[in-house]
Every structure is written in structure tokens, then in C-alpha cells.
Amino acid sequence: ERTYSLLGSFLDPIFGYSEASFITQMRLPSSNASFGTNPVADSMVIYLDYRSYYGDTTISQTFDVYEIEKSIYLDSTYYSNLNIQTYIPSQKIIATKTYYPRPNDSCLAIRLSDAFAQQIVAATSTQLQNNDNFLTFFKGFLFKPHPNYNQAAIIYFNLLSTKSKVTLYYHNNTANNLKYDFVFNSNCARINLFNHDYSSSTIQTSINDSTGNDSLLYLQAMSGLNVKIKFPYISNFYQQPLLALVKAELIIPIKTDDATSSLFKVPQKLLLVMYNSSGTYAFLPDYSVGSSYFGGNVNSAYTEYRFNISRYIQQIAYKQREDYGIALFVADNRISANRLIVKGPKCSNGMHLSITYLKP
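The opening position of the sequence shown corresponds to residue 196 in the working numbering, with each subsequent residue numbered one higher.
Right, here's the structure in full:
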């Protein structure tokens, strides 16, 4: 379960269209909830705690809230490109919200339909007995943005904050102005969902180029773009006699003249992992030494990133490890929307491996 839930859509002039949705359960705070005799819903409001954003918050956004019809589970694995339609076959929209994101505010409030509020307040005592029963009765929400073909923003919400909740306002035979808070917590299954369309982007040609001749390379969070790197000739370098490696550093310069970088900020950190024989990812041997050794943070001038990969390079140079390649990602890839343009190996002063060594 990810720390933040992302919502929004925008058109990036370089990376194309991106969209973020999310699914979440809501839970009873305790067992045996009761709304009294003849309860009537007055309103029901979702409150989402703003945490951050990426892009332009001066552009309005619209999203729908759906009632999902297929259960999700905390102990199951879901991918960010799952087919949303299988969860909302009846298209039960229970709220539509148009707003200007205000991340400095405390919360975003979304009023749900009166019909949905009455559906919840009319739940039986069995359905309100415990969370297993309740989650069979109400399986969860899908938050899905309308397409926005402007340079808008992706908003980050913290559903684990105590500010995030769903409040039912109601009255019954004995009292008015009552309320009941449903909760989002760590026991709720949550899924971040992402969609990217590069068809109208300026990078479409680069994405389809497998020759490795790009002068620019593109990284994108929200399960977007990553870069694969290999070192096919490193063993040739190590054939020199009595050579002792001191340090091998991968240097990744940022394309600093990107006209859109003031709006679409570069990520604070990148992640570097290696491929294994099965094509899955594993940490490099240098990663275990510690973050200050391994690196990956943007420098203070926001011009480059550096990784110390001395152990990895030494192992592949001396045939102690097969070079299946390494993969470069935006860190926090599934809970942020950052993207980045870096200078590739074919660019002047582009990405390169800097080796410090001793010779007799």
C-alpha cells in the first residue's frame, strides 16, 4: 500500500498525456456501528488531506467518484495499469467534483450523492457488525479524473492522515445534527492507477528507438519511463595489467535548458537497480553499503545525479557477475508524478561512467 494516493491529469508538452486515479476501501472505526431508529441521511462528505502536487494548480480539474463493484484485498498484488472497467461495470458515479487544487489548504471536501448517503445509513445491523461484513456491503471508491489536455497537475493526497475520512451527517427519531466518521487507515486496500499516452508527445520517436543513439533520455514516475544501461566493453578496460579500481561513478547530467522545468520540477532522487537473469530487478551490491555511499540525490545546483557503482562494475569486469544491464528510475515511482530529461551518452557532456584507478 502506497503512502500517497494520486489524482489528476495533464498534458505535458514533451511527455504527452498522463492521468492518475486511485481505488480505496473505507472502513468502520469499530464494530457494531448503529445510526439509531429510522436514520435519515442529511449529507455525506469525503475529506482528503492535501499533501503535495506536481504541475500547475491554477488550472481547474474535474473528477468522478465511483462505487466499485468488485472487492479489493489488502494481501493481493495489483498493478497500476489494471483494467478499471472491471471494477465499475455499472458506472455508479456517486460524486463529481470540479475544483482548483489548493495544496496549502487542509483538505479537499467532496460531497457524495444523497442517494448514496441514504444507502449507507440504511445498512443493516449485520452489515455494520464488523468490517468483513461492511466491505462486502460497500466495496470501496474509485476516484477518476476527467481528461484534462492542459498543463494542469497531479495532486497527492495522504489517506493515512487523520484528516482524511468520510463523514455521514444524519438525524434519527431521537436526535438531529448527528455524524459518523468512516475511516481510511492502514488496513484499507488502496491502489494507485496510472495511464500515459505518448502518441502526441515529442518523445514518441525516442521511446521507439532501441539503437541506443539518443542524445537525450527520458525518465517519468507514475510507472512511466525508465532507462536501461549496459556496459559491454568494461572488461576490455580491465585487461590492463595490475590495474586497481578506486571508484566507478555513473554521472547523469540534467538537461538544464528544458523550458518546462520551472513547472515540471526535476525529482529529488533517482533509483538505480540491476536486472537479473530472469529479467526482474534486484539491488546493486553497492546499494547495501548505504545511501551516502551509493548516491542518487540531485546535487545542490540541480544539474546532475551521481551513483557510486564501484562494486557492480568490478564484478562484471572480472566476470564475477553477468551484465544484464541496470535500470534507472525516478525514486518513489508509484507515489510521485515527477519526470526528467537527462543528457544521454551521445550528447556533449552527457551521461558517462567515470572510473578512478591506480596503475603501477
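Cβ atoms here follow ideal geometry from the backbone N, Cα and C, with glycine treated the same way.
- Under DSSP, residue 350 forms a beta bridge with 202 and 248.
- Secondary structure of residue 297 (DSSP, three-state): coil.
- If you check the CB distance, residue 215 and residue 417 come in under 7 Å.
- Rounded to whole angstroms, the gap between the alpha carbons of residue 370 and residue 237 is 13 Å.
- Straight-line spacing of the CA atoms in residue 324 and residue 537 works out to 55 Å.
- Collapsing the DSSP output to three states places residue 324 in coil.
- Rounded to whole angstroms, the separation of the alpha carbons of residue 288 and residue 298 is 25 Å.
- For the set 413, 394, 349 and 395, the Cα lying nearest the Cα of residue 387 is the one of 349.
- Membership of residue 283 in any alpha helix (DSSP H) is not indicated, and neither H nor E is assigned to it by DSSP.
- Within the stretch 386-452, the complete beta strand (DSSP E) segments at least 3 residues long are 411-415, 422-424 and 439-448, listed from N- to C-terminus.
- When C-beta atoms of the stretch 233-251 are compared with those of the stretch 268-275, fewer than three pairs fall below 8 Å, so the two segments do not count as touching.
- Here residue 267 carries a coil assignment [DSSP, helix/strand/coil].
- As DSSP reads the structure, residue 469 sits in a beta bridge with 477 and 521.
- For the options 513, 543 and 508, the alpha carbon positioned closest to that of residue 550 is the one of 508.
- Look at residue 455 here: in three-state DSSP terms it is coil, with no helix or strand label.
- Non-local C-beta neighbours of residue 239 in its own chain, meaning closer than 6 Å and more than five positions away in sequence, comprise 307, 312 and 363, ordered along the chain.
- Counting of Cβ neighbours within 10 angstroms places residue 532 among the buried residues, the total reaching 16 or more.
- Counting of Cβ neighbours within 10 angstroms places residue 338 among the buried residues, the total reaching 16 or more.
- C-alpha of residue 207 to C-alpha of residue 396: approximately 8 Å in a straight line.
- In this structure, the beta-carbon distance from residue 224 to residue 378 falls below 7 Å.
- Proximity to residue 274 across 494, 218 and 427 peaks at 218, based on C-alpha coordinates.
- Counting the other Cβ atoms within 10 Å of the Cβ of residue 260 gives 16 or more, which makes it buried.
- Using a C-beta cut-off of 8 Å, the stretch 481-500 makes no contact with the stretch 423-433, since fewer than three inter-stretch Cβ pairs fall below that distance.
- The criterion of a C-beta distance shorter than 7 Å is not satisfied by residue 460 and residue 520.
- With contacts defined by Cβ atoms closer than 7 Å, residue 255 and residue 295 form a contacting pair.
- Put simply, the backbone Cα of residue 517 is about 8 Å away from that of residue 472.
- Spatial neighbours of residue 511 in its own chain (CB-CB distance under 8 Å, excluding positions within 5 residues in sequence) are listed in chain order as 426, 429, 430, 517 and 518.
- The Cβ atoms of residue 412 and residue 539 sit closer than 7 Å to each other.
- With respect to the C-alpha of residue 451, the residue from 315, 499 and 410 having the closest C-alpha is 499.
- Rounded to the nearest whole angstrom, the C-alpha separation of residue 374 and residue 235 is 11 Å.
- Within the model, the alpha-carbon separation for residue 276 versus residue 233 is close to 43 Å.
- In the DSSP assignment, residue 309 falls outside any beta strand (DSSP E) and within the unbroken alpha helix (DSSP H) covering 309-316.
- Its Cα nearest to that of residue 466, the residue 527 stands out among 441, 483 and 527.
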